[in-house]
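Below is one structure, written out as C-alpha cells, with a few remarks after it.
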Amino acid sequence: MILFLLDCISKTHFGTQIVDFSSVSYEGIFVEQALQHLPREKVQIATKFGIAGFDVSGMLVKGTPDYVRACCEASLQRLAVDYIDLYYQHRVDQSVPIEQTMGELKKLVEEGKVKYVGLSEASADTIRRAHAVHPITAVQLEWSLWTRDIEEDIIPVCRSIQSLSHVHVTLFSTFFLKKMLSTLCFSLWYNSIFPLELMRVALIRMISSYGMSMYHIWCIWQIGSDEVFLFTSKHPRYTGENLEKNKILYTRLRVLSKKYGCTPAQLALSWVLHQGQDVVPIPGTTKLKNLDDNIGAVKVKLNKEDVEEISSVVPAGEVSGSRLLGVLEPYSWRLANTPLPK
18 MILFLLDCIS
28 KTHFGTQIVD
38 FSSVSYEGIF
48 VEQALQHLPR
58 EKVQIATKFG
68 IAGFDVSGML
78 VKGTPDYVRA
88 CCEASLQRLA
98 VDYIDLYYQH
108 RVDQSVPIEQ
118 TMGELKKLVE
128 EGKVKYVGLS
138 EASADTIRRA
148 HAVHPITAVQ
158 LEWSLWTRDI
168 EEDIIPVCRS
178 IQSLSHVHVT
188 LFSTFFLKKM
198 LSTLCFSLWY
208 NSIFPLELMR
218 VALIRMISSY
228 GMSMYHIWCI
238 WQIGSDEVFL
248 FTSKHPRYTG
258 ENLEKNKILY
268 TRLRVLSKKY
278 GCTPAQLALS
288 WVLHQGQDVV
298 PIPGTTKLKN
308 LDDNIGAVKV
318 KLNKEDVEEI
328 SSVVPAGEVS
338 GSRLLGVLEP
348 YSWRLANTPL
358 PK
C-alpha cells in the first residue's frame, strides 16, 4: 500500500500534490510511512475530523470545540507533521452550531497547526454560516454525471464565496458492468451457501487487508440479515427497476465515449474536469491501472458544446434511486444543518 501511494503521487507529474484522506480511513496506517519518502513542501495534506465512530444507531458525528482540537492534535502526531494544509469537517454535527466548530478551527489556523479549512457533505446554509466565521477554502461533495443535485444550490454558494469544490466522482464503468453486476452474482451465490456471520467476518478481513476503513465495515454491518447484504446489492441505484433504468444511461455514455476515443469512465471524469477551474475531482482507486486510466482523462479535451452533449446523455435528475444507502441518508448534505448559536 505504501508503494501504491508513492506511485499515485509520482505518476501525476503536476508539481505539488494533494494527498486527501481521513482519520477513519488510511491516516496513520500507510500515509505516515509514505510521507516520510516525500519532501513535505511538495505534498499538501488534506485530512478530516468529525466521525467519532460507529455503532448500531449509525455514525457518531462530533463537532464540539474540544473534539476538533483533540482530533487535530492526534492527526499531527500520527502523521508526524507540524501542520495540516487543509482540514475538513468530515460530517456536520447537527447538534452543535457550526459557529462553535469553526471558532476552534479558526484558532488552529491562528496557531499554525492548520493552513486552510474545508467542509464535507455540508448544506448551503451551513457553508454560508461557516464562511462568516472563517474562510472556507474547499467543500467536498459528490458531483458527477451520476449525481448532479448539488448544481442547483451548493455549487452557486461555493462560487459566491470563492471556495474550491473538491468533488468525489462516481465513474460509470466501475459502477456498472465490472463491479456491480459481478458483485451481485457473487453475493447471491455466497449468501446461499455460507452463514451470514461467517461471511461478515470474511468480508471484514478482506476489507482490512486492502487498507479500507471502518466506515466500509460499518456499512456492511448495517445490512439486513435475511437478504443479500453486500453494499452494492442493497444500494438503491443498483437494484430492481432502478438498475434497469440506470443501465440505459450507461449504455448511452458508452456509445458516446467511442466518439471521443476514450472509456466511459474517462469521459465521465473529463466532464467533471471541464466544470470549471474551481472544481477538483477526487476519483478513488486501489489499482495503478485505474490510476493511469484516470490520468488519461486529462487528455480528453472538451469544448462547451461537448460538455452540453455529455450532460444531455445523463440529464440531471434522470438517474434512478437515492445516492446513498438508507443508513447513510441522515448524514447527507441535505440534512447537514446546525442550530443557531445562543
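Quick note on our numbering: the sequence shown kicks off at 18 and runs consecutively.
Ideal placement from N, C-alpha and C gives every residue a C-beta, glycine not left out.
In this text, all values refer to a predicted model and were calculated from it rather than measured experimentally.
* Asked: Which runs of the beta strand (DSSP E), 3 residues or longer, sit entirely within the segment 274 to 349?
  -> 296 to 299
* Out of D295, I68, R165, point me to the one whose CA is closest to A87's CA. => What you label residue 87 is simply residue 70 of the sequence shown in a count that begins at 1. Measuring from the Cα of A87, the nearest candidate turns out to be I68.
* **Residue closest to A139, alpha-carbon to alpha-carbon, out of L122, G129, I172** => Working through the sequence shown from its first residue, we reach residue 139 at position 122. Minimum Cα distance to A139 is reached at I172.
* Is S137 near V289, with beta carbons less than 8 angstroms apart? -> The count along the sequence shown starts at 1 and reaches residue 137 at position 120. The count along the sequence shown starts at 1 and reaches residue 289 at position 272. It is not a contact, given that the beta carbons lie outside the stated cut-off.
* Would you tell me roughly how many angstroms separate the C-alpha atoms of K359 and E261, rounded to the nearest one? => In the sequence shown, the residue the question calls residue 359 occupies position 342. In the sequence shown, the residue the question calls residue 261 occupies position 244. Whole-angstrom Cα-Cα distance: 50 angstroms.
* Along the chain, where does the alpha helix (DSSP H) that runs through Y84 open and close? -> Stepping through the sequence shown from its first residue, residue 84 is reached at position 67. That run of the alpha helix (DSSP H) goes 82 to 96.
* Asked: With respect to the alpha helix (DSSP H) encompassing I172, which residues constitute its N-terminal and C-terminal limits?
  -> Start at 1 with the first residue of the sequence shown, and residue 172 comes out as number 155. Its alpha helix (DSSP H) spans residues 171 to 177.
* Express the C-alpha separation of Q94 and P152 in angstroms, rounding to a whole number. => As a first step, residue 152 must be located in the sequence shown, where it is residue number 135. As a first step, residue 94 must be located in the sequence shown, where it is residue number 77. Each residue's alpha carbon lies about 25 angstroms from the other.
* Spatially closest choice to N307 from R108, Q117, P281, by CA coordinates -> Working through the sequence shown from its first residue, we reach residue 307 at position 290. The shortest C-alpha separation from N307 is found at P281.
* Under 8 angstroms between C-beta atoms of A333 and E159 -> The sequence position of residue 333 within the sequence shown is 316, counting from 1. The sequence position of residue 159 within the sequence shown is 142, counting from 1. No, they are not a contact pair.
* Taking buried to mean at least 16 other C-beta atoms within 10 Å of its own C-beta, is H54 buried or exposed? -> The sequence position of residue 54 within the sequence shown is 37, counting from 1. Exposed is the call here.
* **Residue closest to Q61, alpha-carbon to alpha-carbon, out of L341, L96, G80, E128** => In the sequence shown, the residue the question calls residue 61 occupies position 44. Minimum Cα distance to Q61 is reached at L96.
* Rank A141, W163, S112 by C-alpha distance to the C-alpha of S177 and give the top, closest one. => Taking the sequence shown and counting its residues from 1, one reaches residue 177 at position 160. Closest option to S177, Cα to Cα, is A141.
* Asked: How is the alpha helix (DSSP H) around A141 delimited, first residue to last?
  -> For the purposes of this step, residue 141 is taken as residue 124 along the sequence shown, with counting starting at 1. It spans 141 to 150 - the alpha helix (DSSP H) in which A141 sits, taken as one unbroken run.
* Can you tell which of E58, L125, F66, P114 has the C-alpha that lies nearest to the C-alpha of P356? -> Locating residue 356 in the sequence shown gives position 339, where the first residue counts as 1. Measuring from the Cα of P356, the nearest candidate turns out to be P114.
* According to the neighbour-count rule (16 or more other Cβ atoms, all chains shown, within 10 Å of its Cβ), is K59 buried or exposed? -> Taking the sequence shown and counting its residues from 1, the one referred to as residue 59 is at position 42. K59 comes out exposed.
* To do: Look at the Cβ atom of G338, then the Cβ atom of R254, and state whether they are nearer than 8 angstroms.
  => Numbered from its first residue, the sequence shown carries residue 338 at position 321. Numbered from its first residue, the sequence shown carries residue 254 at position 237. For G338 and R254, yes; Cβs fall inside 8 angstroms.
* Asked: Using DSSP with H/G/I as helix, E/B as strand and the rest coil, what is T154?
  -> Here residue 154 corresponds to residue number 137 of the sequence shown, with the count starting at 1. Strand.
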